[in-house]
């Protein structure tokens, strides 16, 4: 299945001033080591201050973290005493918890995750799950012999913290705010968002948050009755029935599910920590089928004609990689990515072998929207950076079929076999189509820029989305392809912060709003299918 992996905005994080490295053998007699982990990423520097008088301290030194997803960890030696968490990033934490630091000991602030609960508010939630075990040990093992007591001091961040006001952003509902309000009045159910703001028990918070996770990509598993299953965060699959009803199918993990495939009554899911799980009872129970490395995210699972194709991505430090220009060059430390495509025939995936490995340097990640694998008519198409690759399943041969020099994304229409390739570069954007599996290409007209997605449903019809940037506001627009003019005509619009998602011509175009609501376009009008409130 295709997975949209957007490039991280590394430059948006504050850069800490360079300090002299701390030497544990010189500090352990008077200081204690304070550790905090953000196993799902999104962490920012914590500022703590002594209770009473004293200088605020920033926990801004990277510690060893689990090599999975975007996991982060920070650790620092602080003088013994009592402290209070004062800030998370640049946001004041007025009711931050207190904790104790003892000389020669480790204080564990635990595993935290940041969640947007709406209303310009963010909460930090303690995460407790066995898959996070070992991070603290990894961060402290180099100086374990210096500790007076190996048992860590638990800091007591056991509850969901009160919301922190971010004072930024907008609702992003724009055109459909009234639709959502009318839907909520009609359904008349308690507000999930309000419940999230009030929840203090981490288990209850996660239970509620799982109900409003959003689809992470636009190629779900399709069941025989037309039901769709989309990968989502917190171990969830978002389920949509043919009637437009949404619910969740759960897996016992807090990781992101990045891929899902339906096959003869089975469901297979792939997560960002290298796990492939299987369910034979429609998602009621799951067992682990295959385990890759924990930092090898399973971004695509496909099956057809007796062949399984599994694609993974794995970041690694590649100091000799060419950096290119723009943001990627400025973002020091951007990793290269190993993308591996495995193939096999066994239902248990035990015979999977690497068919091809691609190394994607930082310069080739500019504009890359992820692997986007599709298995259609015996051919597997996958994006490796800005290049489109094709694997002939029967013969095992790989071919580079990129039209032009580079492209941003591709789509393959399952019914017609027509391939669309998009190079999204503002005024220099180009759209290509192929009806012979990428052997030859023809350039066609493009929608107005800024173009985000183009899907041709044949040589004479198609759909596209673009962002219309105005002087004071912006909004999404959809376009339809006209074979008569061989050009694109505007067909609709959606709110600026609404993420447009089109699975295929057989389903409505969806609009995912910032509060996790889902709208569907029918006969030119938006209808609410699920309210995140």
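Numbering (mature numbering (1 follows the signal peptide of the UniProt record, and there is no 0)), first residue to last: -17 to -1, 1 to 516. Built from N, CA and C at the ideal position, the CB exists for glycine as well.
**Report entry** Cβ neighbours of residue 263 in the same chain (closer than 6 Å, five flanking residues each side left out)
**Finding:** Against the chain shown, residue 263 aligns to sequence position 280. Counting only Cβ-Cβ distances below 6 Å, and skipping sequence neighbours, we find 249.
Query raised in the report: Rounded to a whole number of angstroms, what is the C-alpha to C-alpha distance between residue 444 and residue 435?
Result: By 1-based counting over the chain shown, the position of residue 444 is 461. By 1-based counting over the chain shown, the position of residue 435 is 452. In a straight line, the C-alpha of residue 444 is about 18 Å away from that of residue 435.
Query raised in the report: Do the region 38 to 52 and the region 18 to 29 touch if we need at least three Cβ pairs shorter than 8 Å?
Result: yes
Query - Cβ-based burial, residue 152 [other Cβ within 10 Å; buried from 16] - result: On the chain shown, residue 152 is found 169 positions in, with the first residue counted as 1. Unreliable positioning characterises residue 152 in this predicted model, as indicated by a pLDDT of 45, which lies under 50. A coordinate reading is not provided.
**Report entry** Rounded separation between residue 217 and residue 193 - CA only
**Finding:** Taking the first residue of the chain shown as 1, we reach residue 217 at position 234. Taking the first residue of the chain shown as 1, we reach residue 193 at position 210. So the alpha carbons of these two residues sit roughly 6 Å apart.
Report task. Flag this pair as yes or no: are the beta carbons of residue 336 and residue 283 separated by less than 9 Å? Result -> By 1-based counting over the chain shown, the position of residue 336 is 353. By 1-based counting over the chain shown, the position of residue 283 is 300. In this structure, residue 283 does not lie closer than 9 Å to residue 336 by Cβ.
Query raised in the report: Could you give the distance in angstroms between the alpha-carbon of residue 328 and the alpha-carbon of residue 442?
Result: Residue mapping note: residue 328 aligns to position 345 of the chain shown, counting from 1. Residue mapping note: residue 442 aligns to position 459 of the chain shown, counting from 1. C-alpha separation (whole angstroms): 33 Å.
Report task. Specify the secondary structure class of residue 463 as computed by DSSP and reduced to three states. Result -> In the chain shown, counting from the first residue as 1, residue 463 sits at position 480. If DSSP states are grouped into helix, strand and coil, residue 463 belongs with the strands.
Query - Best match in 504, 45 and 62 for proximity to residue 56 [C-alpha to C-alpha] - result: Along the chain shown, one-based indexing puts residue 56 at 73. Nearest option by C-alpha distance: 45.
Query raised in the report: Just to confirm, are residue 27 and residue 80 a CB contact at a threshold of 9 Å?
Result: Numbered from its first residue, the chain shown carries residue 27 at position 44. Numbered from its first residue, the chain shown carries residue 80 at position 97. No, the Cβ-Cβ distance between residue 27 and residue 80 is not below 9 Å.
Query - Of the residues 84, 452, 182 and 469, the one placed nearest residue 135, counting alpha carbons only - result: In the chain shown, counting from the first residue as 1, residue 135 sits at position 152. Answer by Cα proximity: 84.
Query raised in the report: If you pair each beta-carbon of the region 471 to 481 with each one of the region 164 to 180, do three or more pairs fall below 8 Å?
Result: no
Query raised in the report: Quick one: Cα of residue 261 to Cα of residue 241, how far?
Result: Stepping through the chain shown from its first residue, residue 261 is reached at position 278. Stepping through the chain shown from its first residue, residue 241 is reached at position 258. For residue 261 and residue 241, the distance between alpha carbons rounds to 14 Å.
Report task. Count the other CB atoms, across all protein chains shown, that sit within 10 Å of the CB of residue 202; report buried if there are 16 or more and exposed otherwise. Result -> Residue mapping note: residue 202 aligns to position 219 of the chain shown, counting from 1. Buried, since its Cβ has 16 or more Cβ neighbours within 10 Å.
Query raised in the report: Quick one, which of 67, 350 and 343 has its alpha-carbon nearest residue 393's?
Result: Stepping through the chain shown from its first residue, residue 393 is reached at position 410. Per the Cα distances, 350.
Query - Buried versus exposed call for residue 12 [16 or more other C-beta atoms within 10 Å across all chains shown] - result: On the chain shown, residue 12 is found 29 positions in, with the first residue counted as 1. So residue 12 ends up on the exposed side.
Query raised in the report: Quick one: complete beta strand (DSSP E) runs, 3+ long, within the region 107 to 141?
Result: none
**Report entry** Reference residue 185, options 93, 430, 103 and 75, closest by Cα
**Finding:** By one-based count along the chain shown, residue 185 stands at place 202. Comparing Cα positions, the closest option is 93.
Requested in this report: Return the residue from the list 87, 42, 74 and 76 that minimises the CA-CA distance to residue 14.
Outcome: Position 31 of the chain shown, counted from the start, is the residue given in the question as residue 14. It is 87 whose Cα lies nearest to the Cα of residue 14.
Query - Nearest to residue 295 (by Cα), restricted to the options 317, 356 and 334 - result: Locating residue 295 in the chain shown gives position 312, counting from the first residue. Comparing Cα positions, the closest option is 356.
Query raised in the report: Does the separation of the CB atoms of residue 69 and residue 121 fall below 9 Å?
Result: What you label residue 69 is simply residue 86 of the chain shown in a count that begins at 1. What you label residue 121 is simply residue 138 of the chain shown in a count that begins at 1. No, these two residues do not count as a Cβ contact at 9 Å.
Query - Nearest-angstrom Cα separation, counted from residue 116 out to residue 133 - result: Residue 133 sits at position 150 when you count from the first residue of the chain shown. Residue 116 sits at position 133 when you count from the first residue of the chain shown. Their backbone Cα atoms lie some 16 Å apart in a straight line.
Query raised in the report: For the 8 Å Cβ check, are there 3 or more pairs between the region 401 to 421 and the region 370 to 388?
Result: yes
Query - Whole-number beta carbon distance between residue 60 and residue 16, since they are thought to touch under 8 Å - result: Here residue 16 refers to the residue found at position 33 when the chain shown is read from its first residue. Here residue 60 refers to the residue found at position 77 when the chain shown is read from its first residue. Contact between residue 16 and residue 60 holds: their C-beta atoms lie close to 5 Å from each other, under 8 Å.
Query raised in the report: Considering only residues of the region 216 to 289, which uninterrupted beta strand (DSSP E) runs meet the minimum length of 3 residues and lie entirely inside it, listed in chain order?
Result: 219 to 223, 229 to 233, 240 to 246, 249 to 254, 258 to 262, 270 to 274 and 280 to 287
Requested in this report: Determine the extent of the beta strand (DSSP E) in which residue 512 is found, giving its start and end residues.
Outcome: Here residue 512 refers to the residue found at position 529 of the chain shown. Counting along the chain, the beta strand (DSSP E) containing residue 512 begins and ends at 508 to 513.
Query raised in the report: When the Cα of residue 377 is compared with those of 361, 388 and 391, which residue comes out closest?
Result: Residue mapping note: residue 377 aligns to position 394 of the chain shown, counting from 1. Cα-wise, what sits closest to residue 377 is 361.
Query - Distance CB(residue 285)-CB(residue 179) smaller than 9 Å - result: Against the chain shown, residue 285 aligns to sequence position 302. Against the chain shown, residue 179 aligns to sequence position 196. Cβ atoms of residue 285 and residue 179: not closer than 9 Å.
Query raised in the report: What does a CB cutoff of less than 6 Å around residue 166 pick up in its chain, not counting 5 residues either side in sequence?
Result: As a position in the chain shown, residue 166 is number 183, starting the count at 1. Cβ within range, chain order: 511 and 514.
Requested in this report: State buried or exposed for residue 302, treating a residue as buried only when at least 16 other CB atoms are found within 10 Å of its CB.
Outcome: Taking the first residue of the chain shown as position 1, residue 302 is located at position 319. Taking a 10 Å sphere around the C-beta of residue 302, we find fewer than 16 other C-beta atoms and assign the residue as exposed.
Report task. Whole angstroms is fine: what's the gap from residue 504's alpha carbon to residue 494's? Result -> Sequence index remark: in the chain shown, residue 504 carries index 521 (1-based). Sequence index remark: in the chain shown, residue 494 carries index 511 (1-based). Rounded to whole angstroms, residue 504 and residue 494 show a C-alpha spacing of 8 Å.
**Report entry** residue 479 - DSSP class collapsed to helix/strand/coil
**Finding:** By 1-based counting over the chain shown, the position of residue 479 is 496. It is coil, neither helix nor strand.
Report task. Note the first and the last residue of the continuous alpha helix (DSSP H) segment covering residue 28. Result -> The residue you call residue 28 lines up with position 45 of the chain shown. Premise fails: residue 28 is in no alpha helix (DSSP H) and is neither H nor E.
Report task. Taking the CB atoms as reference points, tell me whether residue 379 and residue 338 lie closer together than 9 Å. Result -> As a first step, residue 379 must be located in the chain shown, where it is residue number 396. As a first step, residue 338 must be located in the chain shown, where it is residue number 355. Yes. Within cutoff.
Report task. May I ask you to list the residues that DSSP assigns as paired with residue 83? Result -> Position 100 of the chain shown, counting from 1, holds the residue named residue 83. According to DSSP, which records beta bridges pairwise, residue 83 is partnered with 65.
**Report entry** Member of 422, 440, 415 and 497 whose CA lies at the smallest distance from the CA of residue 428
**Finding:** Start at 1 with the first residue of the chain shown, and residue 428 comes out as number 445. Checked all of 422, 440, 415 and 497; the closest Cα to residue 428 is 415.
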